[in-house]
Structure formats: C-alpha cells, structure tokens
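Enquirer: Handing you this structure, nothing more for now.
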Amino acid sequence: MIIFTATLIIILAYFLGSISGSILICKTLHFKDPRQHGSKNPGTTNILRIINYKIAIFVLLFDSLKGAVPIWLGTYFHIDPIYLYIIAISACIGHIYPIYFQFYGGKGVATAFGALTAISINFFIIIIITWILTVYLFRYASLGSIVTFIVITFYVWYIQYHHFEYIILLSLIILSQHKNNIKRLWNHQEKHIWNR
738 MIIFTATLII ILAYFLGSIS GSILICKTLH FKDPRQHGSK NPGTTNILRI INYKIAIFVL
798 LFDSLKGAVP IWLGTYFHID PIYLYIIAIS ACIGHIYPIY FQFYGGKGVA TAFGALTAIS
858 INFFIIIIIT WILTVYLFRY ASLGSIVTFI VITFYVWYIQ YHHFEYIILL SLIILSQHKN
918 NIKRLWNHQE KHIWNR
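Numbering (this note's numbering), first residue to last: 738 to 933.
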C-alpha cells in the first residue's frame with residue numbers, strides 16, 4: 738500500500754512540477770511571455786530581469802511550492818524517506834520537461850529548493866546561506882544555484898550520507914541545466930543577476 742501511494746505521489750509530482758508558474762502568472766497578469774524574452778527561460782531570474790522583482794517573488798514561491806507540496810503529501814502518508822527524494826526528482830523533471838508546455842521548461846532550481854526544504858530544515862539553512870552569500874559576493878544567480886547544489890551534495894556525503902545517490906542524481910540534473918551558464922561564467926560572459 739505504501740509503495741502504491743508513493744508511486745501515485747511520484748506521478749503527481751511530475752504533473753504538478755509541469756505547471757509553469759512564470760508562464761501562468763505572466764499570462765494571467767498580461768505580462769510578456771518569458772519564453773520569448775530575455776534568456777527565454779521561464780524561471781525566476783528571467784522574470785526578475787524582464788518584468789520586476791515582485792512578480793519574480795511570486796514565481797519563486799509558486800515553483801518552490803511545486804516541489805514542497807508533494808513532499809508534504811508524502812510525509813503525511815508516512816512513506817519511506819527514500820521515496821521523498823524520488824518525489825523531489827520527479828517534480829524537478831516536471832519543471833524542466835513540462836508536459837503542458839511542449840516539454841520546454843525552466844532549470845528546476847526553485848522546485849528543487851522547495852522540495853529539499855520540505856524534506857529537511859537543514860537543507861533550507863544550507864540553501865539560504867549558500868545561495869545568498871554566493872550571489873552577494875559574485876552577483877551571479879546561476880553561480881549561486883551551482884554552488885548551492887555542490888555544497889548540498891558534499892553536506893549529504895560528509896554529514897548525513899543517507900540517500901546520497903538520490904542527491905547526486907538531483908544535483909546532476911540541475912547542474913546539467915546550467916551547462917550554458919557554466920560556459921558563460923568561464924568566458925566571463927554571464928549576466929549579473931540585475932542585468933537585463
């Protein structure tokens with residue numbers, strides 16, 4: 738029964754993750770389509786650049802909740818913690834490859850942050866401190882995300898170790914979505930977080 742429930746939540750997480758906060762919010766409020774402006778990525782940073790920080794905050798919360806809600810649901814049904822990480826991965830895959838938007842989505846950062854925060858308060862603390870500190874020092878949102886997932890991976894490996902393989906997989910998925918950002922960072926071509 739637990740496996741059946743976990744499977745349903747994993748599937749639900751994908752479909753929930755496929756709902757694009759930026760596209761829906763922009764369409765509802767009659768803002769420009771993020772897929773056609775700026776970096777053409779339907780994520781928080783692009784919304785910050787092409788619209789404003791208020792809408793970006795709404796998108797961040799929306800996309801974070803997509804990851805958190807199915808985790809909370811899994812916790813409510815007392816499913817094994819191993820499934821919580823699979824649920825997190827499923828929600829992120831939904832965000833990156835959304836079935837409702839021709840499988841073209843964002844990079845999964847906010848959704849992963851939301852899911853990990855719902856799994857453990859320790860992840861929340863690491864995410865907040867690492868991302869804010871990195872962005873404050875270097876002013877690159879992408880670098881903040883990259884460094885945060887590297888730190889989370891090392892934290893789980895060194896301190897916690899439980900379910901390390903799933904954290905590795907989640908981090909690799911997120912980092913693979915930043916390959917172009919990594920190239921631009923290396924070539925000093927990446928835009929700072931506030932640059933349009």
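Every residue gets a Cβ at the ideal spot worked out from N, C-alpha and C, and that includes glycine.
Output the distance between the C-alpha atoms of residue 887 and residue 860, rounded to the nearest integer angstrom.
Expert: Cα-Cα distance, rounded: 12 Å.
Enquirer: According to DSSP, simplified to helix, strand and coil, what is residue 773?
Expert: In the structure shown, residue 773 sits in a helix (DSSP, three-state: H, G or I).
Enquirer: On the three-state DSSP scale, how would you describe residue 877?
Expert: Residue state, collapsed to three classes: coil.
Enquirer: Please classify residue 835 as buried or exposed, where buried requires at least 16 neighbouring CB atoms within 10 angstroms.
Expert: Result: buried.
Enquirer: Does residue 857 come out as helix, strand or coil in the three-state DSSP assignment?
Expert: Note: residue 857 maps to coil in three-state DSSP.
Enquirer: For the segment 740 to 752 against the segment 769 to 778, are there 3 or more C-beta pairs whose distance is under 8 Å?
Expert: Contact fails: fewer than three Cβ-Cβ distances are below 8 Å.
Enquirer: So, helix, strand or coil for residue 788, using DSSP?
Expert: Residue 788: coil per DSSP, three-state reduction.
Enquirer: Among 794, 788 and 749, which residue has its Cα nearest to the Cα of residue 807?
Expert: Comparing Cα-Cα distances from residue 807 to each of 794, 788 and 749, the minimum goes to 749.
Enquirer: Below 8 Å between beta carbons: does that hold for residue 880 and residue 856?
Expert: No, the Cβ-Cβ distance between residue 880 and residue 856 is not below 8 Å.
Enquirer: Three Cβ pairs or more, each shorter than 8 Å: is that satisfied between the segment 823 to 834 and the segment 759 to 772?
Expert: Output reads no: the segment 759 to 772 does not touch the segment 823 to 834.
Enquirer: Since residue 878 and residue 930 are thought to touch, with beta carbons under 8 Å apart, how far apart are those beta carbons, to the nearest angstrom?
Expert: Correct: roughly 4 Å between the Cβ atoms.
Enquirer: Residue 823 to residue 890, Cα distance in whole Å?
Expert: So the alpha carbons of these two residues sit roughly 16 Å apart.
Enquirer: Please return the same chain residues whose Cβ sits closer than 7 Å to the Cβ of residue 899, not counting the five positions on each side in sequence.
Expert: Here the set comprises nothing.
Enquirer: Considering only the beta carbon of each residue, do residue 863 and residue 892 sit closer than 8 Å?
Expert: Taking 8 Å as the Cβ cut-off, residue 863 and residue 892 qualify as a contacting pair.
Enquirer: Going by DSSP in three states, residue 832 sits in which element: helix, strand or coil?
Expert: Helix at residue 832.
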